[in-house]
Amino acid sequence: MTIRALGTALGAVLLAVSGVAAAAPTFTNYTPPAGLGQSAGEPSIGVNPETGAVMYIASLETLKVTFNASGVASWSNVTGNLTGLMTLDPILYTDQGTGRTFAAQLLAATSAMEYSDDDGASWVPSTLGVSAGVDHQTLGAGPYPSGGVGGLLRTTNLTYPNAVYYCAQSIAAGFCMRSDNGGLTFGPSVPAYSLLDCGGLHGHVKVGGDGTVYLPNKDCLGAQGVAVSTNAGASWTVRTVAGTTGSDLDPAVGVGRDGTLYMGMVNGDGRPMAAVSLNKGQSFSAPVDLGAAVGVRQAVFPTAIAGDGDRAAIAFLGTSTTGDINSLDFPGVWYAYVAVTYNRGATWETVNITPNNPVQREGGICVAGTTCGENRNLLDFIDMTIDAQGRVLVGYADGCTGSCATSGAVTRAALATIARQSSGQTLYAAFD
23 MTIRALGTAL GAVLLAVSGV AAAAPTFTNY TPPAGLGQSA GEPSIGVNPE
73 TGAVMYIASL ETLKVTFNAS GVASWSNVTG NLTGLMTLDP ILYTDQGTGR
123 TFAAQLLAAT SAMEYSDDDG ASWVPSTLGV SAGVDHQTLG AGPYPSGGVG
173 GLLRTTNLTY PNAVYYCAQS IAAGFCMRSD NGGLTFGPSV PAYSLLDCGG
223 LHGHVKVGGD GTVYLPNKDC LGAQGVAVST NAGASWTVRT VAGTTGSDLD
273 PAVGVGRDGT LYMGMVNGDG RPMAAVSLNK GQSFSAPVDL GAAVGVRQAV
323 FPTAIAGDGD RAAIAFLGTS TTGDINSLDF PGVWYAYVAV TYNRGATWET
373 VNITPNNPVQ REGGICVAGT TCGENRNLLD FIDMTIDAQG RVLVGYADGC
423 TGSCATSGAV TRAALATIAR QSSGQTLYAA FD
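Here you go:
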């Protein structure tokens, strides 16, 4: 274990809804020992709320990280039999309701997939079938909705308490399929959106406590959008965020315990934004710029998580430099940021969680896919989760290691890193 840097709070105080002063969170960054996590572009991260184990996948490695009472991390490789063989894209999700972790490796129009109930000590293979989506697969799980198909499944599915969703996209549409036996097998794929609604890639699927399913998309008829299903994925409706413009970067959603929907996105002008919905995306609050107060003028890789209904966090990588971020000549320096709200988005506080070590130096972070050059080392996204006490954890790849941090050399690394909240209010008020 290596503790790479201590994140520092940039703002001293927030006012929570209760009126109690809330210290902005600080973060500690952790990297694995030599030999692990060296190729960690676009990682996924999950936490088993029962054991506290953090699960992290990137490339062909699935890693388990545990923290003792002093915050010291222990890393181990727990890669399964199927997901360590071949990859076009890795993805991982840990069901907060059960602690089950799902891991998958994209294989064209399907994925090699398995799940674990013991934090990677053993894995059970899944039978996924053909999804019709060939890229950017995502996994999520949550309760069944009440009424209709969901209500029937809620009362008759005795194998596993939650619905499990697998979504992927093709050039023409995005598709989702549902498992009613805990990820062992999946039903047929259903279109969540088409080119008539949205284009390009979608973000990570999320399920609210009432069973509503959300699949965010970066460009739905010119605006940031989200496909919403209230009937366990049987049908979908696309909703958009007024006041936003489409971009090249996937947005993300977090769903609070009371159903409050938080959307983190990079607007068409490159700014990191947040919007909040109290009605499942039928309407959103006016988008808020999360980077302005800390000088961020361009951002990539937004990711979101929510806890209590009035508490959420959005993470992203940001730079104060303008210009073409896809260019190898881009001169900017990039850091990781987390923005938090404790009052349902009325105010946000953004902190730099890597102040002493940028995540990329010069050459940009290319988001133009396979047409990129060597500055696509961080690939397409980062990820965020929450533990049982409401601590925020961000999984990302560090592209600026060793001499890059100390002398300014450009390394183009992709080192597995976890930023774990170490102080400040969490996303669960019960632990204040």
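Numbering of the sequence shown is given in our numbering, commencing with residue 23 and proceeding in unit increments.
Glycine included, each C-beta is placed from N, C-alpha and C at the ideal position.
Hey, could you find the ends of the alpha helix (DSSP H) residue i is sitting in?
i, result
"L455", "Lying outside 23 to 454, the shown extent of the chain, residue 455 is not represented and no answer is given."
"C426", "S425 to S429"
Apply the 10 Å Cβ neighbour rule to residue i and answer buried if 16 or more other Cβ atoms are within range, or exposed otherwise.
i, result
"I193", "exposed"
"Q320", "buried"
"G209", "exposed"
"N55", "Reading off the sequence, residue 55 comes out as Pro, not Asn. It counts as exposed."
"P65", "buried"
"T439", "buried"
"T393", "exposed"
"T266", "buried"
"S425", "exposed"
"F3", "Summary: the structure shown does not reach residue 3, with the chain confined to residues 23 through 454, and so no result is reported for it."
"S201", "buried"
"A452", "exposed"
Since I believe residue j is in contact with residue i (beta carbons under 8 Å), could you give me their beta-carbon distance rounded to a whole number of angstroms?
i, j, result
"G225", "A274", "5 Å"
"Y187", "G255", "6 Å"
"D232", "P167", "6 Å"
"L161", "A126", "6 Å"
"T88", "G142", "Going by Cβ atoms, the distance from T88 to G142 rounds to 11 Å, so no, they are not a contact pair."
"V229", "A163", "6 Å"
"G155", "L437", "Not a contact, Cβ separation roughly 30 Å."
For the beta strand (DSSP E) holding residue i, just list the boundary residues, first then last.
i, result
"W97", "A95 to N99"
"Y187", "A185 to Q191"
"L415", "V414 to D420"
"D157", "D157 to G164"
"Q304", "Note, Q304: premise wrong, no beta strand (DSSP E); not H, not E."
"D241", "V235 to C242"
"R442", "L437 to S445"
"G63", "Taken as a continuous stretch (DSSP letters only), G63 belongs to no beta strand (DSSP E), as it is neither H nor E."
"Q246", "A245 to S251"
"V263", "Careful: V263 lies outside any beta strand (DSSP E) and carries neither H nor E."
"I79", "V76 to A80"
"T369", "Note, T369: premise wrong, no beta strand (DSSP E); not H, not E."
Please state whether DSSP places residue i in a helix, a strand or coil.
i, result
"E396", "helix"
"F323", "strand"
"V275", "strand"
"V316", "helix"
"F403", "coil"
"F338", "strand"
"G286", "strand"
"F352", "coil"
"A297", "strand"
"A451", "helix"
"G68", "strand"
Can you tell me which residues form a DSSP beta bridge with residue i?
i, result
"I408", "V414"
"M108", "In DSSP, M108 forms no bridge with anything."
"Q127", "P112 and A134"
"C198", "C189 and V212"
"L147", "It is worth fixing the name first, because residue 147 is Pro in this sequence and not Leu. Answer is E136."
"L85", "Y78 and N99"
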